[in-house]
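Here's the structure we're looking at; comments come further down.
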């Protein structure tokens, strides 16, 4: 569930925005509020918000100072700035700091909801982008980039792994295929690629699994088989250990492209 944080020192405005968004979201989003920039920053130390709607003028820490602090922390979410002051400098500064939109009080409910919808579309877009970046394993890119300087045995090993990824292959099996001692092959593989055979095989399996999750509608058990895992349960465990989410969650995260809010 995505979280929207409302920050405004004026109780009537803060509660009005919260009431409007709670009614609009119908439980789809978590709506939180803070009565000051100080309170919001303290809350954000232990919580996260996908969207912040903040007043620009508040005592102690105003909206712009809050943005600067969040940016310095590296945790700047999507921001909508609200203000009763139609001053261009505030708008310009907030946009320079990364604010998504600047809207004026008194707030029109329809305009507010429209701004929130567009802001949440941006949140979704960022999440899809992050998920797609995770599709590519940087270590595999590195191994592939350096492949030209590998010896023939390692090049052949990599080719064999790729061709037999759907099988339950082992290091000994690949070493035997190359007519090499397994212990010697293990050392040689790590020496040339910078990763162990086991790590490379797992990364290659998960890379292929991600591709199938994103480009096909295959069930999880079938994908597990396609990438060489004998049971879906073990595949899910390996995937989750590596990515922090299950294969099903990963697929949903990458493919959830519906920009509408039901």
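Numbering (the UniProt record's numbering), first residue to last: 1 to 262.
We put the beta carbon where it would ideally sit given N, CA and C, even for glycine.
Of the other Cβ atoms in all chains shown, fewer than 16 fall within 10 Å of the Cβ of residue 1; this residue is therefore exposed. For residue 40 and residue 73, the gap between their C-alpha atoms comes out near 14 Å.
Straight across, the Cα-Cα distance linking residue 26 with residue 20 is about 10 Å.
Less than 9 Å divides the Cβ of residue 150 from the Cβ of residue 158. Going by beta carbons, residue 112 and residue 83 fall outside the 9 Å limit.
If only uninterrupted alpha helix (DSSP H) runs of at least 4 residues are considered, those enclosed by the region 134-195 are 138-145, 152-163, 171-177 and 182-193. Nearest C-alpha to residue 4 among 14, 30 and 23: 30. Residue 77 and residue 49 do touch by the CB rule: their CB atoms are close to 5 Å apart, below 8 Å.
Taken through DSSP and simplified to helix, strand or coil, residue 104 comes out as strand. When Cβ pairs closer than 8 Å are counted between the two stretches, the region 236-246 is seen to touch the region 200-207, the count reaching three or more. By a beta-carbon distance limit of 8 Å, residue 178 contacts residue 153. Their separation comes to about 5 Å. In this model, residue 255 and residue 175 are separated by some 39 Å (Cα to Cα). Cβ contact annotation for residue 227 (same chain, cutoff 8 Å, sequence separation greater than five): 165, 166, 205, 206, 208, 209, 212 and 235, in chain order.
Among the bridge pairs identified by DSSP, residue 79 is matched with 52.
If the five residues before and after residue 143 are omitted, its C-beta is found closer than 6 Å to the C-beta atoms of 193, all from its own chain and listed in chain order. Residue pairing from DSSP places residue 32 in a beta bridge opposite 5. Counting along the chain, residue 241 sits inside the alpha helix (DSSP H) bounded by residues 232-243. Under the DSSP assignment, residue 90 falls in the alpha helix (DSSP H) whose first and last residues are 88-96. A check of alpha carbon separations from residue 221 across 229, 214 and 215 identifies 229 as the nearest.
For the options 217, 198 and 180, the alpha carbon positioned closest to that of residue 169 is the one of 198. With a cutoff of 9 Å on beta-carbon distance, residue 172 and residue 163 are scored as not near each other. Between the alpha carbons of residue 249 and residue 238 lies a distance of about 14 Å.
For residue 16, the enclosing alpha helix (DSSP H) stretches over residues 11-25. Taken atom to atom, the span from the alpha-carbon of residue 14 to that of residue 7 is near 7 Å. Taking C-beta atoms under 8 Å as the contact rule, residue 58 and residue 9 qualify, at a distance of about 5 Å. Residue 219: not part of any alpha helix (DSSP H); DSSP gives it neither H nor E.
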